[in-house]
Every structure is written in structure tokens, then in C-alpha cells.
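Under the working numbering, the residues of the sequence shown are numbered 2 to 278, in order.
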Amino acid sequence: MIKLTEKIVQEVIQVRPRQSHKGTFGKILIVAGNQDLGGAAIMNAEAAIYGGAGLVTVATDPVNKTALHARLPEAMVVDYHQDLSDLIAGVDVVLIGSGLGNELTILKQVLKELTDKHKVILDGSALTMMAQENLPLPQGQIILTPHQMEWQRFGQVAIADQAKEDNNWEALVAMNPEPILVLKSDQTQVYLENELYQLTVGGPYQATGGMGDTLAGIIAAFVAQFQDTNRAVLAAVYSHSAIAERLADTAYVTLPTEIAKALPAFMKEMADQTPTL
2 MIKLTEKIVQ EVIQVRPRQS HKGTFGKILI VAGNQDLGGA AIMNAEAAIY
52 GGAGLVTVAT DPVNKTALHA RLPEAMVVDY HQDLSDLIAG VDVVLIGSGL
102 GNELTILKQV LKELTDKHKV ILDGSALTMM AQENLPLPQG QIILTPHQME
152 WQRFGQVAIA DQAKEDNNWE ALVAMNPEPI LVLKSDQTQV YLENELYQLT
202 VGGPYQATGG MGDTLAGIIA AFVAQFQDTN RAVLAAVYSH SAIAERLADT
252 AYVTLPTEIA KALPAFMKEM ADQTPTL
């Protein structure tokens, strides 16, 4: 097991090239937020935007449109009941599942449109519905972001058995394509092909609703911007908890939205420490 430290963030986050534009930093489609859980879509998008993604489109239930526009004018918002095929074809990263509830038809429509060119983050309700319906993984470079109960459902590894690394590896190897796994817990682990990383920061001040939605948005932003997907995932996971730990110096709990807002300054600090090649 490899300890995940700040070094990975310093190596991944680079000073931005002077000659660049919105497309340089990735196009993301977020499919999230049913009528009751629009906050998940907002936190996904807020983290992706503050995390530096070039263009973010949110496909959500129409009841969330006003709130998203008011909170995040930088995000584009569409009705997730419409045909999303053209949108999906035009993006680099798709994040689906946060607060999606039981919107199985929408999930199936999105999954069938994904191709090998996409980086795909499967979160929350997407994992639960895929487990219930026995749906296969879609095409693309897949990143799973379950908490322990979701991994019990989707990976069929009981929570009591998840502490044994071999059980999680066996579940991953049986999947096609073999995904990256971010297994969220009080000691989050990241499974990358033949490497296992253990998070070294974070704490109980993160036990707040929406924390996973924010992490998923940060992962989307980082894999959209930085070419090495494995290392981008590691940097995103570390950044999320490192910011929370800093906020906890003066706060009893660290709100997910505050983590998102702290991202630009944290990323600037890390970029300024990038080793000279």
C-alpha cells in the first residue's frame, strides 16, 4: 500500500500555458440531481468549476435549473429528459449518478452513448441502480466513487470484508473494463491497476452530506484537465481531504461547498510548487 501525500498534487497540477482556451481544460457533462436532490448536482458542478474545468454542463431535473443558474452562472444547464446524445458526443468527461435517485431510463440512455474516448465517473445512485439492474459497465475509462455501502451493492464485497484488499481486487479484476476504484471511508483507498493508495489526510469533520458529491466533481475537473488519469484521480482525492483538514483548523465541521471554494487558491499554491523538469 502506498501512502498518498501532497507530492502527487504538486506533480500533477501545472502552471497553465499562456496560450490556452476553455477547451484546453476539458468539457464535462454532469448528469445528476432529481427533483428532491438538486443539491447534489450543484455540489458536483461547483467542485468541477472551482476545480478548473473549462466548460461544465449540468443535465438535471428542470426544477433545479433556477437554483443552478443563481448559484453557478458559469455552468450551462439542460433538462436531463431531453436527448443527450449530442452533448455526450461533445464532452471529454461524464459524471453521472449524484442525487439521481431512481432515474433508470436516464441512466441507461447515458450509458449507451458513452465511448472509449470518454472518462466516466460513476457515483451514488448510478452505482445503486446498476447493481439493482445488473447493468454492465459502459465503454470508456471508468472511475467508481462508492462509499462502503454502495461498494457492497455494486462490487458485492460485504463491508466487513472490504478491509481485506484482496477482496476488492478480485471484484475489480472481474469487471470489464477494469475500473479505477475510489473506495470512500474514514481511510479512503484508491485502487489503480496494480497499485493501491491510502489517503493520509482528512477526518471526522468531513462527515457531512454532499462530501462525496464534491469529491466526484473535483475528480471530474482533474481528469478533464490533466492527461494522466490515474495521477489526476490521486491528486483530486488528496486535494479534497487536504483542504478539509486545513479548514478544520478553525471549524468544527468542513462543509463541502467551502472545500470547493478553497480549490482555486489551493491549486495555485500547488502549481507554484511544481518541480522544475
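For every residue, glycine included, the Cβ atom is placed at its ideal position computed from N, Cα and C. As the structure is a computational prediction, the values presented were derived from the model and not from experiment.
CB of residue i within 8 Å of CB of residue j, strictly
i    : j    : result
P147 : L184 : yes
G1   : V121 : What is shown of the chain runs 2 to 278, which leaves residue 1 out entirely.
S126 : G156 : no
Q11  : Q274 : yes
L145 : I181 : yes
G218 : G52  : yes
I143 : V32  : no
Residue burial classification, residue i (beta-carbon count within 10 angstroms, cutoff 16)
i    : result
T67  : exposed
N169 : buried
S86  : exposed
E171 : exposed
Q207 : buried
S21  : exposed
A161 : exposed
M2   : exposed
D167 : exposed
A266 : exposed
N135 : exposed
Start and end residues, beta strand (DSSP E) containing residue i
i    : result
I143 : 142 to 146
A222 : That residue, A222, is in no beta strand (DSSP E); its alpha helix (DSSP H) goes 212 to 226.
Endpoints, the alpha helix (DSSP H) within which residue i is located
i   : result
D87 : 86 to 90
E1  : With the chain covering 2 to 278 only, the question about residue 1 has no answer from this structure.
Close beta carbons around residue i, own chain, < 8 Å, minus the five adjacent residues each side
i   : result
I89 : L30, V95, V111, E114, L115, H119
L69 : G39, A42, I43, A46, V59, T61, A76, V78
Close Cβ partners of residue i (< 6 Å) along its chain, the five nearest in sequence each way excluded
i    : result
V79  : A60
L56  : K23, K28
L278 : At L278, the pLDDT of 48 sits below 50, so the modelled position is not reliable and the matter cannot be decided from this model.
E179 : L173
Would you call the segment 198 to 214 and the segment 242 to 255 touching, i.e. three or more CB-CB distances under 8 Å? Because the criterion of three Cβ pairs below 8 Å is met, the segment 198 to 214 and the segment 242 to 255 touch.
Assess, as a yes-or-no matter, whether the segment 111 to 121 is touched by the segment 149 to 160 under the definition of 3 or more beta carbon pairs within less than 8 Å. With the cut-off at 8 Å, the segment 149 to 160 and the segment 111 to 121 do not touch.
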